[in-house]
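A.B. asks:
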């Protein structure tokens with residue numbers, strides 16, 4: 062079963078049907094699949110039409126990078142961050158180097174000004 066799961070994760074199927082005894086034990090080992098159908102009574106057609114998932118799933122191995130469309134797809138997510146003085150001191154030079162390599166002088170300068178005041 063380990064070889065089959067490794068193959069499946071490398072292939073990244075749109076639909077993965079685990080129709081084995083103790084199928085639920087293997088769900089934790091799946092890292093790339095659009096949708097997983099677990100057990101003898103879970104055909105993919107139920108997921109497509111009625112059991113709560115949907116038919117809009119990543120194909121051609123894209124489940125390595127993307128999830129199927131779901132309600133979370135339509136939610137807005139905002140990230141935020143707050144560095145401490147020590148945090149900026151620790152990563153500041155690295156950030157300035159990366160900004161310089163990318164020729165983003167304003168990004169480099171935004172860090173340099175703050176480091177000067179530490």
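Residue numbers (my numbering): 62 to 179.
Quick reminder that beta carbons are idealized off the backbone N, C-alpha and C, glycines included.
For the beta strand (DSSP E) that contains residue 78, what are its first and last residues?
C.D. replies: 76 to 79
A.B. asks: In the DSSP assignment, find the beta strand (DSSP E) that holds residue 98 and state where it starts and stops.
C.D. replies: 96 to 99
A.B. asks: Taking the CB atoms as reference points, tell me whether residue 85 and residue 108 lie closer together than 8 Å.
C.D. replies: no
A.B. asks: Apply the 10 Å Cβ neighbour rule to residue 119 and answer buried if 16 or more other Cβ atoms are within range, or exposed otherwise.
C.D. replies: Buried, because 16 or more other Cβ atoms sit within 10 Å of the Cβ of residue 119.
A.B. asks: Anyone know if the C-beta pair for residue 77 and residue 83 falls short of 8 Å?
C.D. replies: no
A.B. asks: Suppose contacts are defined by Cβ-Cβ distances below 8 Å. Is residue 124 in contact with residue 94 by that definition?
C.D. replies: yes
A.B. asks: What is the rounded straight-line gap between the Cα of residue 105 and the Cα of residue 98?
C.D. replies: Cα atoms of residue 105 and residue 98: separation of roughly 6 Å, rounded to the nearest angstrom.
A.B. asks: Would you kindly work out how many angstroms separate the C-alpha atoms of residue 174 and residue 139, rounded to a whole number?
C.D. replies: Between residue 174 and residue 139, the C-alpha separation is close to 26 Å.
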